[in-house]
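Enquirer: There's a structure below that I have some questions on.
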Amino acid sequence: MAILIDRHSRIVVQGLTGSSGRRHGLLCRDYGSQVVAGVTPGKGGTHVEDIPVFDTVAEAVERCQADVTMILVPPQAAAEAILEADQAGVGLAVCITEGIPVRDMVLVNRALTDSAMRLIGPNCPGLITPDQCKVGILPGDIHRPGSIGVVSRSGTLTYEAVQQLSDAGLGQSTCVGIGGDPIIGTSFIDILALFNDDPDTEGVFLIGEIGGSAEEEAAAWIKQYMRKPVAAYIAGVTAPPGKRMGHAGAIVSGGSGRAEDKIASLRSSGVQVAGSPARMAEAMQDALRNAGIHGYDS
1 MAILIDRHSR IVVQGLTGSS GRRHGLLCRD YGSQVVAGVT PGKGGTHVED
51 IPVFDTVAEA VERCQADVTM ILVPPQAAAE AILEADQAGV GLAVCITEGI
101 PVRDMVLVNR ALTDSAMRLI GPNCPGLITP DQCKVGILPG DIHRPGSIGV
151 VSRSGTLTYE AVQQLSDAGL GQSTCVGIGG DPIIGTSFID ILALFNDDPD
201 TEGVFLIGEI GGSAEEEAAA WIKQYMRKPV AAYIAGVTAP PGKRMGHAGA
251 IVSGGSGRAE DKIASLRSSG VQVAGSPARM AEAMQDALRN AGIHGYDS
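Sequential numbering of the sequence shown, starting at 1, is according to the UniProt record's numbering.
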């Protein structure tokens, strides 16, 4: 079992005829994902390596039974693309696009308040259930099937954590990059709750960074509800206040959003926090050992 996507997911790529959409759409198909359609207004009736292209998402859903969309369109068109997917009845939208104006995302989040569609991202690497389905730009070859869930604000650190976990013999159930923008569709808590209910996920690795309060909110939720061991790494311990670190949402401002506060909150909730990015797998092993899972009990 996995969360959000599996080998039965049917993917439409919004922006398939663009350079990024074509490259990553075909890489997802090469990984084994069912990429059944593309959408580019004005290019309906064409094909990209045998994948049919439609003018609208509604046509792709009706003709190809697509239930997941991967959005790789320019920032100025991304909000409209997300809303079009929602109106077409897609169940899961994964928006890779970086640089969407905050004002546009405010309107999108307001429009999706009562929607059945879940949005991952924007400005995210996507998600993967190893050996079943990849929707996004994650490198498929470093992932191994297993029982560790991964949720992260950082794409690069996700890849580092996954490589360490795989090298340590800890495969992954599903890995989800939720994105580093100030306004995103799906939160840490949303993904933690899905992993908590997934019988094939035995532990979770969380990757956070400076800025905002998402990690502190996740820590409070873990303390009250999480039934599985959690390990974490928080990036940006040495980042000075006011200095943006990579993502639009990764900035310490007004004394809030500091890495030290996030680490303290997670540790007070029983989370095993790695002291450096080189020790992420080690922290996960410690969390599993402390919970008596995977034969790590002493």
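Built from N, CA and C at the ideal position, the CB exists for glycine as well.
So, do the segment 112 to 131 and the segment 185 to 203 have three or more beta carbon pairs nearer to each other than 8 Å?
Expert: A contact is defined here as three or more CB-CB pairs under 8 Å, and the segment 112 to 131 meets this definition with respect to the segment 185 to 203.
Enquirer: Run through DSSP, which three-state label would Q163 get?
Expert: helix
Enquirer: Under DSSP, the alpha helix (DSSP H) around G21 begins and ends at which residues?
Expert: S19 to Y31
Enquirer: Which residue marks the beginning of the alpha helix (DSSP H) containing M284, and which one marks its end?
Expert: M280 to N290
Enquirer: Can you tell me whether D141 is buried or exposed? The criterion is at least 16 other CB atoms within 10 Å of its CB, across all chains shown.
Expert: exposed
Enquirer: Cα separation between S298 and D50?
Expert: Residue placement at S298 is poorly supported in this model, since its pLDDT is 48, which falls under 50; the coordinates are not used for a value here.
Enquirer: Bridge partners for A93 per DSSP, in chain order?
Expert: T69 and L119
Enquirer: Using a Cβ-Cβ cutoff of less than 6 Å, which residues in the same chain neighbour D286 once the five nearest sequence positions on both sides are dropped?
Expert: Closer than 6 Å at Cβ, skipping near neighbours: Q272.
Enquirer: Residue range of the alpha helix (DSSP H) that I184 falls in?
Expert: Per DSSP, I184 is not a residue of any alpha helix (DSSP H), being assigned neither H nor E.
Enquirer: Just tell me which of I100, L165 and G136 has its CA closest to the CA of Y31.
Expert: Distance from the Cα of Y31 is smallest, within the candidate group I100, L165 and G136, for G136.
Enquirer: Report the three-state DSSP secondary structure of L170 (helix, strand or coil).
Expert: coil
Enquirer: Note down, one range per segment and in chain order, each beta strand (DSSP E) of at least 3 residues found wholly within the segment 192 to 222.
Expert: 203 to 209
Enquirer: Out of curiosity, what's the CA-to-CA distance linking S268 and I82?
Expert: 37 Å
Enquirer: In terms of DSSP beta bridges, what is F54 paired with?
Expert: V39
Enquirer: What are the start and end residues of the alpha helix (DSSP H) that includes residue 309?
Expert: Since the displayed the chain opens at 1 and closes at 298, residue 309 lies outside it and no answer follows.
Enquirer: Check this for me: beta carbons of I178 and E209, under 8 Å apart or not?
Expert: Their beta carbons are not under 8 Å apart, which means I178 does not touch E209 by this criterion.
Enquirer: Quick one: Cα of P41 to Cα of V61, how far?
Expert: 15 Å
Enquirer: Give every residue of the same chain whose Cβ lies closer than 7 Å to the Cβ of Q164, excluding the five residues on either side of it in the sequence, and list them in chain order.
Expert: M280 and A281
Enquirer: Please name the residue, chosen from T113, Q65 and S166, that lies closest to T186 on a Cα-to-Cα basis.
Expert: T113
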